[in-house]
Each structure stands twice: as C-alpha cells, then as structure tokens.
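Some notes on the structure that comes next.
Numbering (our numbering), first residue to last: 62 to 163.
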C-alpha cells in the first residue's frame, strides 16, 4: 500500500516554523511547550491556522500568527499573553505594503 501524498499549506508551515523559533528564543514559549505535550493544529477561516493544547495541569494554550507577530496565550490561574515580533524571514508578505512587509 502506498502512502497518500499531501502538501502542508504554506501558512501552517509558517506557523510551525514560528513556534519552533519562539521556543528557541523565548523562555516563556519554551516552558509552555514543555508543559504542553501535544498541540493540535486547527484551520481557521481565510487559510489561517492556530495551534492549541492543554498543559499538564489542565491549563489552555493557544498559538496564532499575524503578518509580523506570533501570539501566545497560556491560561493557568491567570491568563498570560505574549506577542513576539517575528524575524524578517518568518513575516508574511502583505499586498499593498512597500517591500511587502508590515
């Protein structure tokens, strides 16, 4: 039996890369990833994706990406939200912007 071929959408690939980058440069993102064993990728309207999961203590985690920012929300007792400006290679091209970047 052969495996079915599929293509990972560019926005999902970009979200995965941004999440890996965030874990390498931000302690909070790294500790969140360590506490959340599995993240579920969820398609959103207009071709966007988010990642969501649960921490070992039952808290919630959500990761989403904008044109130039990665948003991370972790809810344990108190919600914590961080926004990480993305490096140029992970920023999305924005039509109508000079240079295509925000």
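Cβ coordinates follow ideal geometry from the N, Cα and C atoms, glycine included.
Residue 113 is bridged by DSSP to 101 and 123. Shown here, residue 151 sits in a helix according to DSSP, grouped into three states. Counting C-beta atoms within 10 angstroms of its own C-beta, residue 86 has fewer than 16 neighbours from the protein chains shown and is therefore classed as exposed. CA-to-CA, the gap between residue 126 and residue 151 works out to about 10 Å. At least 8 Å separates the beta-carbon of residue 72 from that of residue 114.
In this structure, residue 75 and residue 153 form a Cβ contact; the two beta carbons are roughly 7 Å apart against a cut-off of 8 Å. Going by C-alpha positions, residue 139 is about 16 Å away from residue 90. In terms of CA proximity to residue 120, 96 leads the group 96, 129, 104 and 111.
DSSP links residue 86 through a beta bridge to no other residue.
Per the C-alpha coordinates, the member of 124, 99, 117 and 136 positioned closest to residue 110 is 124.
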